[in-house]
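Asker: This is the structure I want to talk about, given as structure tokens.
There are 2 protein chains.
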Amino acid sequence: MGKEKNNFNLKTPKGTKDWSGSDALLRDRIFTTIADVFKRHGGTALDTPVFELREILAGKYGEDSKLIYDLQDQGGEICSLRYDLTVPFARWLAMNPDVRSMKRYHIAKVYRRDQPAVSKGRMREFYQCDFDVAGTFDPMVPDAEVLKIVTEVFEGLGWQGRYSIKINHRKILDGVFEVCGVPAEKIRPISSAVDKLDKMPWADVRKEMVEEKGLDGAVADKIETYVVKKGTRDLLETLLKDESLLANASAKAGLEDMGLLMDYLEAFGVLDRISFDMSLARGLDYYTGVIYEVVTEGSAPAVSSSAPEAEKLQKSAKKSKSKGGNADDDRSDDPTLGVGSVAAGGRYDNLVGMFLPKAQIPCVGVSFGVDRIFSITKARLERENSAEALRSSEVDAFVMAFGGKGFNGMLTERMSVCQALWNAGVKAEFSYKVKPKLPQQFKAAEQGGVPFAVILGEDELANGKVRIKEMGLEEGHPEKEGVLVDLANLPAEIKTRVARKQDQASAVTQQLEGLNVNAPTN
Amino acid sequence: MGKEKNNFNLKTPKGTKDWSGSDALLRDRIFTTIADVFKRHGGTALDTPVFELREILAGKYGEDSKLIYDLQDQGGEICSLRYDLTVPFARWLAMNPDVRSMKRYHIAKVYRRDQPAVSKGRMREFYQCDFDVAGTFDPMVPDAEVLKIVTEVFEGLGWQGRYSIKINHRKILDGVFEVCGVPAEKIRPISSAVDKLDKMPWADVRKEMVEEKGLDGAVADKIETYVVKKGTRDLLETLLKDESLLANASAKAGLEDMGLLMDYLEAFGVLDRISFDMSLARGLDYYTGVIYEVVTEGSAPAVSSSAPEAEKLQKSAKKSKSKGGNADDDRSDDPTLGVGSVAAGGRYDNLVGMFLPKAQIPCVGVSFGVDRIFSITKARLERENSAEALRSSEVDAFVMAFGGKGFNGMLTERMSVCQALWNAGVKAEFSYKVKPKLPQQFKAAEQGGVPFAVILGEDELANGKVRIKEMGLEEGHPEKEGVLVDLANLPAEIKTRVARKQDQASAVTQQLEGLNVNAPTN
């Protein structure tokens, strides 16, 4: 064990934190919700090492490469911690050229040696939840399914009417820049400037274009007429009447894609969750087609997501976005994004080819920002005084005993009853004391938020009976003192009561969430 | 995106691997099985950062500290990747002195810069699944629950009768050494030698004691008379008649603990899974009480776990254990352990105090070696030709369409049907082609191991009907050509069939596993 040392710096490294108790449980439920949606769509899990050979990550993140964590050279290979889950996925595809198509999901931590801001949720270690479809398919079909997945995740999380999906298309955007007269070499920098429209007003963006990036003022003004546009099918129809745009090959291809996408989103029943937003540019260079970002108010009460409402949502989200930082890198969970964005993604057809040109595989995907989704969900549960938000375990029953003078504590009896519950799949606990006092046992059950007490009394047990008492019933409730049941039926009796309580709880939650607003129709 | 670079070394770092397809799915199921047991016993999740301040890990792993991965000093704190999950848990307890008791579980990767042997499953990055109970309680109560958890995990994995739990107690062992005349300063080195009895014969262990560690030969011979003993209550009774042992305070305390533990294991209904094995010493110095290790033959057919059979199991497991390596460090998932051990743990009452003496909290826990559990489970499923072992996703239905001349592919119809299935919680896929051919669609369903095809035909759909066809039915089966159902009932019809198929599958599995051997009685 080596020598003792008592002057430890008792903390986690800067920008990292421990997750425990009710926070860990709630985050775990969010992971489960997201993974269930991924699996429902045929997603298969891919798990890659937390570190990669350094050369795999090199040249993928532009100037943010400086944020990569390196492992020390201890002899052997030179490695770095992964920065996102997308590059490892592309590396895997290149290493497995037999796999020509794949729906993969990956829920794991990534690492960025950025300036942390723990209070804002900008961490150096954080989770990403990614779903990507790799393969050559007919246009926009997987793209539409990825967006359908986005809606299922947020509706599975109970966010009906509280989020909006902004979409745009890199080819439309590039076409607009060409039509407006942006020189070819300035297209990416100007696109980056447009991407800041959710953080700063047009005047500031224009200033950056003209003063910093040397764009002609008249060109910038022309760009403005496009990037302020928002809508759905109406906007698409307007653009399809724009002769100069249609004459541009890139814009035309993008508009055709967008038409198909809207048809498919309609078939999936989710077109009303989408806002076609021409100011959305996304920072990362690797996007080649449709791009999207999910915004939410987060802490606002439920509102309808009809078009004007959705726009209100977005505006509010923009206002709350933080400025500065490395806004150019933001596939989604990036700590540098403001609080408004909770998921993002798009099509990237050339990334796999960077590893193996002959194994080029087009991809489209989305990444969910779990830390933000967690914060918003937790705030809502707390506002609603949800018992769920406060629990740290999921225990259903606390097995306790009481007796009179000379009471031996009934430890082995409590163990034996717990055994029956566990073997039947019931989550159960008991006191680790040989002779615990009844109030202590009730207090432990209360502190754990355990809904049911199972109480053993010597006389009752001798007759094959135990008492089930629902915790927290009010005075005067007919079952306040509990009900006696046959020991042999105890697991079934507890299961019935747990199921009933859960049904009641979810009915309350549904009322609170106003599920009627935007619920899927079948 | 930086410059392209096409001469990548396309691989994962040495000693690490990607997990994908059916392997990833099977491992995921193992995690779920284990986590479900942990939660059933009131375990709460704790997630700590993948790296810790280096000083936190320093002095905890003895000479294996050289296997710790360090992060490069890029300015700021000096950090290292975690080596196990136990030290971070102890650090967390020391940081949270308000928490005086806790059942925590942690399923996560740990890192050891050891010489990898991928074919033997000895990796540099591997998962540990830990459950620990921290807190001051009456003796042996949490210890017994941890062992009950071990049985539930392996029985949940379908290993009934295929594993055995060896237990011993550090205080008994230390008492034996004292009684035999081992000098105080030689107790830990001699204990380490005893620990090798599962890898080498007594003659070699004796040689190490006498020639390397300078123990008197007569003392070694006396030790032998104890460490060869195995049994359950019978062994305990024999030892309780040993006057010289009872006169030793440490041995006496250990034997009292062991008596209580056996009573509690009996109350939990699992005493028959346990073998009291005096040769079990465990390498890590930090154990202070009961210690245990789970062994399995792995690839052997199901056998009864009655006492002599269990012993046979252990002997066989020992034979297959690999020699050499860093046998002194093996809390459980340690790659240096042989293939025989699949879980291990014990009581460690002093570790938290190394971080904060005034926050001393006794702990007892277990760590499951998931990589080994995975290999053994996979081999069994393959032997049984289980379809489960071959699937990489869990999709229930593949939605396809066919039609005659001028057929448009019915893409949006397929999307709309998928939408109905997804919204009902059914896992479903469809072809991403606009006009896929029927054989292509069937082939995709077959390759994915999807059990049901949902077939849309133009005429049938016009009448509100779709066809469900179970894949792989033999010629002549009454439903070989599928059954027509109302589109409105499709989700329910699929769910009924999926549930029926799962019931059939689990009935077959239970037969194969001979669940009757060791099944819990209620």
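In order, the protein sequence lines correspond to chains U and E. Each residue of the first sequence is one higher than the one before, starting from 113 at the first, in the working numbering. Each residue of the second sequence is one higher than the one before, starting from 113 at the first, in the working numbering. Even for Gly, the Cβ is constructed at its ideal location relative to N, Cα and C.
1. Which runs of the beta strand (DSSP E) fall wholly inside the stretch 119-206 of chain E and span at least 3 residues, in chain order?
2. Is the beta carbon of Leu122(U) less than 7 angstroms from the beta carbon of Ser132(E)?
3. According to DSSP, is Val331(E) helix, strand or coil?
4. Quick one, are the C-beta atoms of Ser362(U) and Gly287(U) less than 7 angstroms apart?
5. Go to Tyr460(U), then tell me how far its alpha helix (DSSP H) extends in each direction, as first and last residue.
6. Helix, strand or coil, according to DSSP, for Glu572(E) in the structure here?
7. Identify each residue in the stretch 531-556 of chain U for which the Cβ-Cβ distance to at least one residue of chain E is less than 8 angstroms, and report them in chain order.
8. Can you tell me whether Asn601(E) is buried or exposed, with buried defined as 16 or more other CB within 10 angstroms of its CB?
9. What is the DSSP secondary structure of Thr608(U), reduced to helix, strand or coil?
10. Taking Val482(E) as part of the alpha helix (DSSP H), name the residues at either end of that continuous run.
11. Closest to Tyr223(E) by CA distance: which of Gly188(E), Arg203(E), Gly127(E) is it?
12. Please tell me whether Val538(U) and Pro603(U) are closer than 7 angstroms, where the distance is taken between their beta carbons.
13. Output yes if chain U places a C-beta closer than 7 angstroms to the C-beta of Val629(E); else output no.
14. Taking 7 angstroms as the threshold (beta carbon to beta carbon), is Thr124(E) in contact with chain U?
15. Name, in chain order, the residues that DSSP records as bridge partners for Gly343(E).
16. Which residues in chain U have a C-beta closer than 7 angstroms to the C-beta of Val162(E)? List them in chain order.
17. Given that Pro254(E) touches chain U, what residues does it touch there, using C-beta distances under 8 angstroms?
18. Between the alpha carbons of Cys241(E) and Glu558(E), how many angstroms are there, rounded?
19. Using the beta-carbon of each residue, which ones in chain E are nearer than 7 angstroms to Asn121(U)?
20. Would you kindly work out how many angstroms separate the C-alpha atoms of Leu347(E) and Ile284(E), rounded to a whole number?
21. Give the interface partners of Leu137(E) over in chain U, defined as CB-CB distance under 8 angstroms, in chain order.
22. Name, please, each residue of chain U whose Cβ falls closer than 9 angstroms to the Cβ of Val69(E).
23. Please work out which residues of its chain come closer than 6 angstroms, Cβ to Cβ, to Pro125(E), disregarding the five sequence neighbours upstream and downstream, and give them in chain order.
24. Determine, using beta carbons only, whether Gln184(U) comes closer than 7 angstroms to chain E.
25. Have a look at Asp461(U) and Pro469(U) and give me their C-alpha separation to the nearest angstrom.
26. Return the CA-CA distance between Arg394(U) and Arg141(E), expressed in angstroms with no decimal places.
27. Using a Cβ-Cβ cut-off of 7 angstroms (strictly less than) and excluding sequence neighbours within five positions of Gly155(U), which residues of its own chain qualify?
28. For Thr633(U), does the count of other Cβ atoms within 10 angstroms reach 16, so buried, or fall short, so exposed?
29. Going by alpha carbons, who is nearest to Ser189(U) out of Ile190(E), Glu175(E), Tyr181(E), Lys334(E)?
30. Taking the CB atoms as reference points, tell me whether Glu605(U) and Val597(U) lie closer together than 7 angstroms.
31. Mind checking the stretch 467-495 of chain E against chain U and listing, in chain order, the residues whose C-beta falls within less than 8 angstroms of any C-beta there?
32. Take Gly329(U) and list the residues in its own chain whose beta-carbon comes closer than 6 angstroms to its own, dropping the five residues that flank it on each side.
33. With a threshold of 7 angstroms between beta-carbons, can Trp204(E) be considered close to chain U, or not?
34. Kindly indicate if chain E contains any beta-carbon less than 7 angstroms away from that of Ala456(U).
35. Indicate whether Val476(E) and Val258(E) have their beta-carbon atoms separated by less than 7 angstroms.
36. Return no unless some Cβ of chain U is closer than 7 angstroms to the Cβ of Asp130(E).
Answerer: Considering the structure as presented:
1. DSSP runs (the beta strand (DSSP E)) wholly in the stretch 119-206 of chain E: 163-165, 191-193.
2. no
3. helix
4. Cβ atoms of Ser362(U) and Gly287(U): closer than 7 angstroms.
5. Run containing Tyr460(U): none in the alpha helix (DSSP H); it sits in the beta strand (DSSP E), 453-460.
6. helix
7. Gln531, Ala532, Trp534, Asn535, Ala536, Gly537, Val538, Lys539, Ala540, Glu541, Tyr544, Lys545, Val546
8. With fewer than 16 other Cβ atoms within 10 Å, it is exposed.
9. helix
10. 482-495
11. Gly127(E)
12. For the 7 angstroms CB-CB criterion, Val538(U) and Pro603(U) form a contact.
13. Since pLDDT at Val629(E) reaches only 34, below the 50 mark, its modelled position is unreliable, and the value read off the structure follows with that caveat. Not one chain U Cβ lies under 7 angstroms of Val629(E).
14. yes
15. Residue pairing by DSSP puts Gly343(E) in a beta bridge opposite Phe388(E).
16. Val162, Lys221, Glu237
17. Tyr544
18. Distance between the alpha carbons of Cys241(E) and Glu558(E) is about 34 angstroms.
19. Within 7 angstroms Cβ-Cβ: Leu165, Glu167.
20. Those two C-alpha atoms are separated by around 12 angstroms.
21. What Leu137(E) touches in chain U: Thr156, Ala157.
22. Residue 69(E) lies beyond the residue range present for chain E, which begins at 113 and ends at 634; the question has no answer from this structure.
23. Cβ within range, chain order: n/a, list empty.
24. yes
25. Between Asp461(U) and Pro469(U), the C-alpha separation is close to 12 angstroms.
26. 36 angstroms
27. Lys215, Arg216, Tyr217, Phe243
28. Confidence at Thr633(U) is low in this model, with a pLDDT of 38, below 50, so the placement of that residue should be treated as unreliable; the coordinate-derived value is given next. By the neighbour-count rule (16 or more Cβ atoms within 10 Å), Thr633(U) is not buried but exposed.
29. For the sequence presented, residue 189(U) should be read as Glu rather than Ser. Nearest C-alpha to Glu189(U): Tyr181(E).
30. yes
31. Phe467, Leu468, Pro469
32. Val322
33. yes
34. no
35. By the CB criterion at 7 angstroms, Val476(E) and Val258(E) fall inside the cutoff.
36. yes
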